[in-house]
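Some notes on the structure that comes next.
Protein chains in written order, with the numbering used here: chain X, 130 to 392; chain D, 26 to 402.
Next comes the structure, spelled out in structure tokens:
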């Protein structure tokens, strides 16, 4: 697969609604292949779920999409432009439009919450310190944490950290929001509230959302597109609306997964 | 970027204000300024309602939200009603979201500096608290050692051997190198003075006694404070951050027995051994300089060293080394166990371990020197 920095028009890329496209992606750690031949596309405004059993490479796929890991083969296209074929400056411009929330929150522990949210603004905008603080305060208010600007991550609970992670992800008003296991470690109510928050932010910001999760409740309540990865076959089983996949799949493993083995 | 935001006001009826938002309201260089609106309100005191027209808005992000948050605050202060229905749906929803959870009372931190006396008092209390906890740590470590002697400590011998290897064998290279260089330095400085008295030969005494009594132990102590004390603090501190120490405690395993004891024992055992090596390499460093620069024969030099360095000199050095071992191990483990739960706290713990380790070594050297002097050893 030859990669070209020019806009690549491939099947599906002509569709102006397609925001992110993954083509023939093979992911590997050295010679150990995690997943091969992944091809799917994500439309603008989708809530796209990456699902699959533990160890199948969901987070690894996310790391390939946000630019933390280079594909062994294949492409990740944003609006038809190949991310990995672009030069570092262009890649940085792509990444400016990503917001990512990490599994373990990944807040910088030596900075206050306001500084955590302010850092992306400081790096990418010319705003004054007072403006940055005001924006950080607004973002915290959006996730229900108004007044906590001067706290350190060690001083707040796990659920609050998740929400601050989300506030940091939306600091730059990104086009694409990536979530790695947003509800891991949260109680069902908090996890539901976080889902609602993600949905609300997607609706009002108009962003495309990509979520790694294996919470069935989240998958069916907020996802409208998905890909299912199989750890044993080392490739994807299917892509599409998770509810449709549940109702129509003939793959026994995916069926078990989507019905919790109950049907 | 040339398509900047535009803001227009028009009176609507007798007591209304229509705010027209047009163009692109996006975060570029500065957030939109709400003062024109404020001025307008100041000059039209009868305004009761503010409405919005956003039909010409081409784009928006948090910049518009910030502007509206400012306007909302302004309207609240003047008890003016705000009609959000003219705003884009997404904006209305985000504004709702931002005000959905009221600010937690008392969550905000008081800004500004505390008065001098309060700060002084707080610092004094902190020093007292730190002293108490350090003493408690030493006490617990002693009790833990007592449990070990009675065979009741929860302790894995494999951990001890691993730590012995890390603190002993793996430190050998750096200790040997630095001691050799210190021996060379002592010989150079000493011989340059002794040559004036025709007593160059006595450089062997100077290097031998100097290394055995003080420099061997001290250099090893300082190396171990930087190398091993910092490592202990960072290891235990990271375990504290990852809740690994909590996991041990909830299993009923004492972190003191399981983590601190093997580290302290390993360092206390290895310090004297490393010091013996340090003495030896220091003497070799002196020999190297004496033979190459001051024309002293190898056999002569070694013979002179043998005459000068008595067992008591070596014992003094080894006693010092054991004390330094305890101090460095206590400083490292104490800082690690006391570490806060963040990555910067781990850094601070490692720094404190090295600084307090070296400080304690120097203080102990001063005290021990006086004691040995009084005892005439």
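For each residue, glycine too, the CB sits at the ideal point set by N, CA and C.
For residue 82 of chain D and residue 29 of chain D, the gap between their C-alpha atoms comes out near 11 Å. Contact annotation, residue 378 of chain D with residue 255 of chain D: C-beta distance approximately 5 Å; criterion of less than 8 Å satisfied. When the beta-carbon positions are compared, residue 171 of chain X and residue 193 of chain X stay at least 8 Å from each other. Taken in chain order, the whole beta strand (DSSP E) runs of length 3 or more contained in the segment 236-313 of chain X are 305-309. 86, 87, 90, 91, 94: these are the residues of the segment 83-101 of chain D whose beta carbon lies less than 7 Å from some beta carbon of chain X, given in chain order. Ranked by how close their Cα comes to the Cα of residue 307 of chain D, the residues D:347, D:391, D:237 have D:237 in first place. Taking a cut-off of 8 Å on C-beta distances, the segment 288-297 of chain D touches the segment 180-189 of chain D, as three or more cross pairs fall below it. DSSP, read as helix, strand or coil, puts residue 230 of chain D in helix. Within chain X, not a single residue places a beta-carbon under 7 Å from that of residue 59 of chain D; the smallest gap is close to 11 Å.
Cβ-Cβ distances below 7 Å link residue 300 of chain D to 241, 242, 245, 342, 343, 346 in the same chain, with the five nearest sequence neighbours on each side left out; the list follows chain order.
Contact annotation for residue 334 of chain X against chain D: 115 [CB-CB distance below 7 Å, chain order]. Residue burial is scored here from C-beta neighbours: residue 329 of chain D has at least 16 other C-beta atoms within 10 angstroms and is therefore classed as buried. Residue 256 of chain X is positioned such that its CB atom lies no closer than 8 Å to that of residue 60 of chain D.
With its beta carbon at least 8 Å from every one in chain D, residue 319 of chain X lies outside the interface.
For residue 369 of chain D, the nearest CB of chain X lies under 8 Å from its own CB, placing it at the interface with that chain.
Between the segment 348-365 of chain D and the segment 316-328 of chain D, the count of Cβ pairs shorter than 8 Å is below three; the stretches do not touch.
For residue 166 of chain X, the nearest beta carbon of chain D is not closer than 8 Å to its own beta carbon. It is roughly 9 Å from the alpha-carbon of residue 86 of chain D to the alpha-carbon of residue 49 of chain D. Under the Cβ distance rule, residue 354 of chain D does not count among the residues neighbouring chain X, no pair being separated by less than 8 Å. Sequence-ordered contacts of the segment 223-241 of chain X with chain D read 238, 239 [C-beta pairs closer than 7 Å]. In the structure shown, the three-state DSSP call for residue 148 of chain X is strand. Interface annotation for the segment 40-74 of chain D against chain X: 52, 54, 55, 56, criterion Cβ-Cβ distance under 7 Å.
What residue 151 of chain D touches in chain X, judged by beta-carbon distance under 7 Å, is nothing: the nearest beta carbon there is about 18 Å away. Bounds of the alpha helix (DSSP H) holding residue 264 of chain D are 255-266.
Chain X places no beta carbon closer than 8 Å to that of residue 385 of chain D, leaving this residue out of the contacts.
By the beta-carbon neighbour count (other beta carbons within 10 angstroms, threshold 16), residue 340 of chain D is exposed. Residue 278 of chain X and residue 153 of chain D have their C-alpha atoms spaced approximately 31 Å apart. DSSP places residue 31 of chain D inside the beta strand (DSSP E), whose first and last residues are 31-37. Within chain D, no C-beta atom comes nearer than 7 Å to that of residue 337 of chain X; the closest sits roughly 15 Å away.
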